[in-house]
Every structure is written in structure tokens, then in C-alpha cells.
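Visitor: In my numbering, the protein residues as written are 65 to 193. The beta carbon of each residue, even a glycine, is placed where N, CA and C say it ideally should be. This structure is in C-alpha cells; I'll ask about it shortly.
So this is what it looks like as C-alpha cells:
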């Protein structure tokens, strides 16, 4: 009986958090003036897709930076300076840095939304392990 109460308490907490998430979703829907067609404009509906998109950007920019980076205590700093001297190298470093920051935030928001909306049961449990 005590185990059942603990499960219900956890479900109540998730339901409360889901209400808060739904309120935030409605605010973003209003801000984007989406109305009935909220999915195309609300970024909270596309967090998983944004995470994969940022991962692809990180792989592409990371491969580019790896080609021109020379490891070693005497060459590493000079290779980064050489990359910064070209416009494409500087752009790639900047995109890589900001995409790496953004993927952490977007992945956390996606995990939060999936946890709050109780979407980690059934066939999705393996992704959470």
C-alpha cells in the first residue's frame, strides 16, 4: 500500500509540472500568434528535431575544424590562430561554439518536456536508460 501511495504522489507531481509546461506552451503559442496551428511556429514542439539539427551542425563543423587543427604543445595554438585568420575558419569556430552551447540547452528542455509529459514509458523507455 505504501508503494502505491508513492507512485501516486510521483504522478501528482508530474501532473502539476505538466500543467506548468502546458501554460508555458500556451504563452508561446500566443506570442507566435499561431492559434489553432501551433505546431509549425512553437519551438517547444520541435525540440527533438532542433537537437538532431544542432548535432548535425556540430559534426560538420567539428570535422572541418579537425582537418585544420594540429595537436601538440608547440603547434596547437598556432593552428587555432591560423584558423581565426581566415573568414571560414573563424565562422566555423563560432558556429561550433554556439551550436555546442545551444544543443545542451535544447536537449535539456526536450528531456524536461518528455519527463513532464510522462512520455518515457512503453517503447520509449530504452532511450532513457
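1. Does the distance from the C-beta atom of residue 167 to that of residue 122 stay below 8 Å?
2. DSSP state of residue 182, grouped into three classes?
3. Could you give the C-beta distance for residue 143 and residue 134, rounded to a whole number, given that I count them as a contact under 8 Å?
4. How many angstroms separate the CA atom of residue 114 from the CA atom of residue 170?
5. Given that a residue counts as buried once 16 or more other Cβ atoms are within 10 Å of its Cβ, and exposed if not, what is residue 53?
6. Excluding the 5 residues preceding and the 5 following residue 125 in the sequence, name in chain order all residues of the same chain whose CB lies nearer than 6 Å to its CB.
Guide: With the structure as the only source:
1. Their beta carbons are under 8 Å apart, which means residue 167 touches residue 122 by this criterion.
2. coil
3. Confirmed, Cβ separation roughly 4 Å.
4. 7 Å
5. This structure does not reach residue 53, given that the chain is present from 65 up to 193, and the question cannot be answered.
6. 156, 159 and 160
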